[in-house]
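What follows is a short report on a single structure.
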């Protein structure tokens, strides 16, 4: 009988953890990132969404972001430093990339 009660308690605790994780994911997804936009996130929360940058353009965010989602048809470049300087990586069309960066520029 004690084992059965322990199993029920563990099952209830696991259910609560699963439900809390699901509700956090739903909250992190709102507001949406629309097609044609570039969106940057920090800790699962949307920091900013904007039109894609073209070659020679640069957008520096007020704080670092840890994920970029390029929903535009234009390849973006994510830069580690402000002013689109320092190391960088390309973010292809439709790519959702986890990276610590500060600015976004066109390719």
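Residue numbers (mature numbering (1 follows the signal peptide of the UniProt record, and there is no 0)): -24 to -1, 1 to 83.
Even glycine gets a Cβ: it sits at the ideal position worked out from N, Cα and C.
Residue 53 vs residue 70 beta-carbon contact at 7 angstroms = no
If you run the structure through DSSP and keep just helix, strand and coil, what is residue 58?
-> coil
Does the Cβ-Cβ distance between residue 59 and residue 36 come in under 7 angstroms?
-> yes
Cα separation between residue 23 and residue 41?
-> 8 angstroms
Under a three-way DSSP split, which group does residue 52 fall into?
-> strand
Residue 83 to residue 51, Cα distance in whole Å?
-> 6 angstroms
By the 10 Å Cβ neighbour count, where 16 or more other Cβ atoms means buried, how is residue 72 classified, buried or exposed?
-> exposed
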